[in-house]
Structures are given as C-alpha cells and as structure tokens.
Amino acid sequence: MPITYTSGEQVEVYRFSIPVTILVPLLALFVQAFVPLRFPWFAVYFDLPLLVTIFFAMARRSPIAGLLTGAFIGLAQDMLGHNPIGIYGISKTVVGYGASSLGVKLDVENAGARFLITIGFYLVHSAVYFTVARALVNMSQSWSWAHGVWAGLANAVLGTFLYFALDRFKQRT
Amino acid sequence: MESVLSRYRNLIILVGVLFLQVLGLAMQVKRGNDTQDTRLIRIWAVGAMSPLERSLVWARNGTGILWHNYFYLRGVRAENRQLKEQIEQMRLEQVRLSEDAAQAHRLQNLLAFKEQFVSKTVAAQVIGSSGSDMSRVVYIDKGENAGIRRDMAVITAQGIVGKVLMVYPTVSQVLLINDQSSGVGAILEKSRLQGVLRGAPNGEVMLERVMGDEQVAAGDVVLTSGGDQIFPKGLPVGAVSKVGNGKDLFLTIKIKPASNLSKLEEVLVLLEKQERQAIAEDKRVRAADILAQRLPSVPDKPPATSVAGAIPGSSAQSAGVGTGVIPGSRPKTTSPITSANAAAAKNPSQVPSSGSAQQPISRVPGSPAAARPKISVVGTTAPDVPAEGVAQEKPATPAPIQSTSQPATDNNDPH
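Those protein sequences? They're chains G and B, same order as listed.
Sequential numbering from 1 applies to the first sequence in our numbering.
Sequential numbering from 1 applies to the second sequence in our numbering.
This is how it looks when you write it as structure tokens:
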C-alpha cells in the first residue's frame, strides 16, 4: 500500500496522484482569475478554489491534509489579489479542516450530502473571511445574507457536478 | 502529556497553522498594507498564472482576428460609409473646439497657468484578474520592461480605469477605481465641486466628500481633478447615476464609470505626463475653409468672350446672394462659400434663416455638388439637396459642446 500524507485508519480514504494534487488547484485558480474577464459575475458568485478545497479535504478524510490543502490554496488565492496575504488562507484552512473532519464522520459520497455541505462551508468561509477582513485588516466589508445564500446555492450546484468530475482522479489507498 | 498531544494533534496543528497566518497578516497590516513587502511571494503566483493567461488571451485574440478580419465582414461597407461621414462631421467640430481651446490657452497664458498633458502612453492587454470580488484588480501584459512604474495612471479611450499597483518584469497589477482601497480626486464638470472617488464593497463607484447642501443632479459629468497626482486633470471618469442624502452631512453620489470596468480588454498606461506653460496658438482654421475644401468649386469663367453668358446682377452673387446659374454658362464665381456662410459656420445664430432672400451657396445644377446627398455643418445635417435647382443650405445650429478644457478660474484649485 503506498504511503501518502493522506493515509489514515479510516475506511474509504482516497489519495491523489501528484500531478492531480498540483494541477487541479492551479487550474481552479487560473479559471477563477481568467473567466471574470469575460463574465464578471463569475467572481461574485463562484469560488472554484473553495470547491476544490472542499473536495480534496472530504476525499482524503484527514484533518491535517485538509487544513494544509486549504492553507496552500487560500494563500495562493491571496497572492493574486492586492489585499494582505492570509485572509483567504485562514478562511480556507478552517474550511479544509472542517470538511475533512466531517468527511470522517459522514457519508459524503452522495450528491445531496455534497450539495448541503458545500452551501454550509461556503457560508462558513464567507463568515471567516468577513471576520478576519474586518477585525484584523480593518477592511470595510458588508455582510449580506441574501448574497451568501444565493452564492452558496450557485457554488453547491457547480460543486456537485465538479465533484463527480473530480471523482475520476480518486485512487483508493 | 504525550497522550494529550496525540489526542489533540489535529487541533494543535490547526491552531498552529492559523496562528502563523494571523502573525503574517499582522506583520503586513503593521507595515501599512504595502504590497511591496510581499512582492517576492506574490511574484510566484503571478509568474505561475501569467504565462497561461497570456497564451490564452493570445489564442483568443488570434481566433477573433481571423474570424473578424477574414470571414465575418458583414456590414463593413455600410459601417465604413458611416464612419467616413462621422469623420467629416468631427473635422468640423474640431475647428470649433480649437477656437475654444485657443481662447482658453490665451486666458491660461495670461494667468501663468500650467497645464498638464499626456506625453507618452503604452497600450496593454488585460490578461487576468484576481478572481475575487474582494480585490478588484486586473493584470496587464506589460511590466517593467515596457517602462511601467508604480502609481501610473491606466485609462481607456472612454475614461479612467485605475492605477498601477504592482509591477513585475512582464506583467503589472492594476487597481481598478471600483476597489474599496482606491481613491481618485474628481470634480463635477458643471458645478466644479470636488470630491473623492471610491469603490464600494459591492463594486459600485461613489463620489464622496460632497456636502449635502450642494446641487448635484443625475447625469452630471465627472472628471479627474488632478488632485491625486496620478491622473492628469480633465480625464473623463463617468457620470452621476444617483444622488441621495448620506450620513455626516455628505451626499451619497453613485457614479457610472465611463469605462466598462467589468469588460476591459485593452488599456493605456500613461508613462509620462508633462507640465508646460499654456501657449496661445494663433493658427486658426475657419469652418468656412474646411467647407471650401470639401465642396467642389465652380470652374473659372473663361475670358469675356460671351457677354451673353454673363448673368445680370452678378454683383449680388459676389455679395453672397445666391442666384441660379444658367446651365451651360461658366460663371465667374469660384468660391462656393460666401462670407455669410463663413459667418454661419463661426456664429450660426447671427445668420438669417434659410427662408430669407440670401442663399449662401450657389451651385451648378447637375454638378457633383448638387448630387451630394448631405452637407454636414458643425454637428447638423443639411436637408437633402435637390437634384435640380439651387441648393439651399440651412444655417448651422451649434451643437452643445462638452469642452474638457480647463477654465482659467481653476487656477485657484488647491491641487
């Protein structure tokens, strides 16, 4: 059995090849940065790096792997913007830890569970971002439940399809 | 102790990772949120992304050029004709504007007013964005190698876009004017009220610091004031779209940017802006001269061999009273535009209406000029010229001109 940093005692723990581990988050970041040039609403409603974080965290079912995945993807996302580095990093670290912890306890393979989990973690991510941006960086942020719910739903729909596409890259440990 | 560590290992690592990030964040905030401190880290991400983005933009543009320039040419002729007409109209308008500008320059010269003008720009292609509505920045495909430096203004033909925030060798990061951390000195064109342009969290552009007792109406044009030392004065920013009462005695003014910030493709970076003393130029071109170039001249009259061909009362013709020219004859008149018409071009309000006895232009029936479908004068279009008979040209109605020249009163501008 190959040893990876995702290995654990749990059943149904998956691992991913190194190219997938590197290229999928990079591709998500690239699409997230490029598509809004043509479709500005994409950046307002969708967060592909978040969906990739949730997917990898749930599949690996290791909190440490999940939080590290979230931290790396979040920090990379921070680097593309002009705000201080770490706001997305902290938010996605929390999401990665939470998604992998949930993946250990729940069946996250069916579409319904994935849909609800994505909405929930989108809201958690937004709340953490909002808190950090306001409390630590003193950015002027406004919280909107309506936007949060609609964006959560949009991400959940996209995520459900994306997760099934990414399932093909899963490898059993 | 060991069992506690192993039991809470995940939680301890989570807290540790979060603590490190909060520490890094705190250090950045303490240094004043200057992105130059994190330049080395950011360059990795930009370096990884920009080649992909650049190649994708290149492929997209190549496909677009191939399609639009070689395959999809529907309506090009009509558009070309339309554009030519537009050029003719704009040439005449330019004459009027140059009169205004010359006057403004003379006044500025009197007051030792220094004007700023853009002397050098570089065109760049937008290749990427931050991908987040919390950070409204775009990346352009020109950087240090093209002479771009930090805090340079970025514009389009329609209006201002933002300023250069970070510069890398081949890529630059541009902070858009609708970002929350952006600030641009702005002035309302009509009322000359000054304010600060800022981005709202939802991506809208607001004009702040305008007192509540001031009169601001929707549709008012907003220009740059030059007070931010980044944008030269007088560049178009946008127009007021909504005005409301805000807090702290200030108005809440929403601005619709002149540039489409959500769909930027090509931008101009202002590399150099120079200050110089305003110089009044005496080179004036009259609208009448432009018209004279455009309209065909009547051929010269041959030596007075045929007295019968001469028109009685030709003195009236030379005085600007249009008369019919006998077909087949060669009238003496060579200038198609009379002094009255020249006056019409300069000051249309002083010229009698077309219904009066004066006919400013005489033409030979059947000549190319008679067949010309439309005569455009300073933003207006004369009615169609009949195929036969004498063309009657309506006096031009001056089009309202939105002049962006700086009035002399702005000399008191604190900025």
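All C-beta atoms in this analysis are idealised placements derived from N, C-alpha and C, irrespective of residue type, glycine included.
All values reported here derive from a predicted model rather than from experimental measurement.
Just to check my reading of the structure: residue i and residue j have Cβ atoms closer than 8 angstroms, yes? What is that Cβ distance to the nearest angstrom?
i, j, result
"G:Val95", "G:Thr53", "6 angstroms"
"B:Ile140", "B:Val174", "6 angstroms"
"B:Glu272", "B:Lys142", "That pair is no contact at about 15 angstroms."
"G:Leu136", "B:Ala104", "Not really, about 50 angstroms apart at Cβ, beyond 8 angstroms."
"G:Gly81", "B:Ser135", "3 angstroms"
"B:Arg192", "B:Phe250", "Contact doesn't hold; Cβ gap of about 17 angstroms is too wide."
"B:Ala418", "B:Leu268", "Residue numbering for chain B in the displayed model covers 1 to 415; residue 418 of chain B lies beyond these limits and cannot be assessed."
"G:Ala133", "G:Ile87", "6 angstroms"
So what's residue i in DSSP terms, helix, strand or just coil?
i, result
"B:Glu144", "helix"
"G:Ile22", "helix"
"B:Lys263", "coil"
"B:Val390", "Confidence at B:Val390 is low in this model, with a pLDDT of 37, below 50, so its placement is unreliable and the value that follows should be read with caution. Here B:Val390 sits in coil by DSSP."
"B:Arg136", "coil"
"G:Pro63", "helix"
"B:Lys190", "coil"
"G:Arg38", "coil"
"B:Glu214", "coil"
"B:Tyr8", "coil"
"G:Phe46", "coil"
"B:Ala357", "Confidence at B:Ala357 is low in this model, with a pLDDT of 37, below 50, so its placement is unreliable and the value that follows should be read with caution. In this structure, B:Ala357 counts as coil in the three-state DSSP scheme."
"G:Pro84", "coil"
"B:Tyr70", "helix"
"G:Ile117", "helix"
"B:Leu235", "coil"
"G:Val132", "helix"
"G:Lys170", "coil"
"G:Tyr14", "strand"
"B:Leu271", "strand"
"B:Glu88", "helix"
"G:Leu106", "coil"
"G:Ser126", "helix"
"B:Pro51", "helix"
"B:Val171", "coil"
"B:Met206", "strand"
"B:Met152", "coil"
"G:Ser140", "coil"
Can you name the residues of chain B whose CB is closer than 8 angstroms to the CB of residue i?
i, result
"G:Ser140", "Gln180 and Pro201"
"G:Ala57", "Near G:Ala57 there are no residues of chain B at all, since even the closest Cβ is about 12 angstroms away, more than 8 angstroms."
Could you tell me which chain B residues have their CB closer than 7 angstroms to the CB of residue i, listed as they occur along the chain?
i, result
"G:Leu102", "Under the 7 angstroms cutoff, chain B gives no residues; its nearest Cβ is about 13 angstroms from G:Leu102."
"G:Ile64", "Asn10 and Ile13"
"G:Tyr97", "Leu14"
"G:Pro36", "Ser129 and Gly131"
"G:Gly89", "Gln21"
For residue i, count neighbouring Cβ atoms within 10 angstroms of its own Cβ and tell me buried if that reaches 16, exposed if not.
i, result
"B:Met90", "exposed"
"B:Glu53", "buried"
"G:Pro25", "buried"
"B:Ala340", "Annotation note: pLDDT 40 at B:Ala340 (below 50); position unreliable, coordinate value reported separately. Its Cβ being crowded by 16 or more others within 10 Å, B:Ala340 is buried."
"G:Asn155", "buried"
"B:Gly212", "exposed"
"G:Asp47", "buried"
"B:Ser3", "exposed"
"G:Phe39", "exposed"
"G:Asn83", "buried"
"G:Tyr163", "buried"
"B:Leu264", "buried"
"G:Arg60", "buried"
"B:Gln28", "buried"
"G:Gln77", "buried"
"G:Ile18", "exposed"
Please work out which residues of its chain come closer than 8 angstroms, Cβ to Cβ, to residue i, disregarding the five sequence neighbours upstream and downstream, and give them in chain order.
i, result
"G:Gly159", "Leu51, Ile54, Phe55, Arg114, Phe115 and Thr118"
"B:Ile230", "Asp151, Met152, Ala153, Lys163 and Val184"
"B:Ile177", "Ile160, Val161, Gly162, Val184, Leu197, Gly199, Val205, Val237, Pro257 and Leu261"
"B:Ala217", "Val240 and Val243"
"B:Asn61", "Gln125"
Within the same chain, show all residues whose beta-carbon is closer than 7 angstroms to that of residue i, passing over the 5 residues directly before and after it, in chain order.
i, result
"G:His147", "none"
"G:Trp143", "Phe130"
"G:Ser172", "At residue 172 of chain G the sequence reads Arg, which differs from the Ser that was named. Answer for G:Arg172: Tyr14, listed in chain order."
What does residue i reach in chain B if we use C-beta pairs closer than 9 angstroms?
i, result
"G:Pro19", "Going along chain B, no residue has its Cβ under 9 angstroms from G:Pro19, so there is no contact; the nearest lies around 15 angstroms."
"G:Ala165", "Under the 9 angstroms cutoff, chain B gives no residues; its nearest Cβ is about 20 angstroms from G:Ala165."
"G:Leu67", "Asn10, Ile13, Leu14, Val17 and Leu18"
Which residues in the same chain have their Cβ closer than 6 angstroms to the Cβ of residue i, if we skip the five residues on either side of it in sequence?
i, result
"G:His125", "Leu50, Ser91 and Val95"
"B:Thr252", "Gly244 and Gly246"
Can you pull the chain G residues whose beta carbon is under 8 angstroms from the beta carbon of residue i, in chain order?
i, result
"B:Glu53", "Phe30, Ala33 and Phe34"
"B:Leu165", "His82"
"B:Trp44", "Met79"
At a cut-off of 7 angstroms, would you count residue i as near the ligand MG, judging by its Cβ distance to the nearest heavy atom?
i, result
"B:Ala186", "What this structure holds is no ligand at all, so the ligand MG is not there to describe."
By the criterion of Cβ-Cβ separation under 7 angstroms, what are the contact partners of residue i in chain G?
i, result
"B:Ile41", "Met79 and Ile85"
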